[in-house]
Amino acid sequence: MICTDTENVKARKGHKCQSCGEPINAGEQYKRWACFDGGSASTIKMHPECYEAHDKDSDGGAWEFTLYGHPRGSAE
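Positions 9 to 84 (my numbering) are the ones given, in order, by the sequence shown.
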């Protein structure tokens, strides 16, 4: 799997955090990156606190998450 660098983006419209499932409202900052794997592509969008929780939990290494499976701001 190949992933792009993470960008800090200001939402122009509403999105759904792919970690916690809560809304990312228009005007809010969020983290975004794309992943490519075997001919499929996906764009990941997360609240900054959700992203930071996963990153902290992995000690800076590679990490995976369950789609919509974490409380906001948590990697649990």
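A virtual CB, placed ideally from N, CA and C, is assigned to each residue, including glycine. As the structure is a computational prediction, the values presented were derived from the model and not from experiment.
Extent of the continuous alpha helix (DSSP H) to which residue i belongs
i     : result
Cys58 : Pro56 to Asp65
Endpoints, the beta strand (DSSP E) within which residue i is located
i     : result
Gln26 : Careful: Gln26 lies outside any beta strand (DSSP E) and carries neither H nor E.
Lys21 : Taken as a continuous stretch (DSSP letters only), Lys21 belongs to no beta strand (DSSP E), as it is neither H nor E.
Trp41 : Gln37 to Asp45
Contact with chain B by residue i, beta-carbon distance below 8 Å
i     : result
Glu57 : Within the model displayed, chain B is absent; a lone protein chain is all it includes.
Reference residue i, options the options, closest by Cα
i     : options                       : result
Gly35 : Lys18, Lys24 and His55        : Lys18
Asp65 : Glu84, Ile52 and Ala49        : Glu84
Pro31 : Leu75, His23 and Tyr38        : His23
Thr74 : Ser82, Ser27 and Lys53        : Ser27
Gln37 : Ser50, Phe44 and Arg20        : Arg20
Ile52 : Gly29, Ala42, Gly68 and Gly77 : Ala42
Whole-angstrom C-beta distance between residue j and residue i, which should lie under 8 Å
i     : j     : result
Ile55 : Cys25 : It should be pointed out that residue 55 corresponds to His in this sequence rather than to Ile. That pair is a contact at about 5 Å.
Cys58 : Arg80 : 6 Å
Cross-strand partners of residue i (DSSP beta bridge)
i     : result
Glu15 : Arg40
Pro31 : Lys24
Thr51 : Ala42
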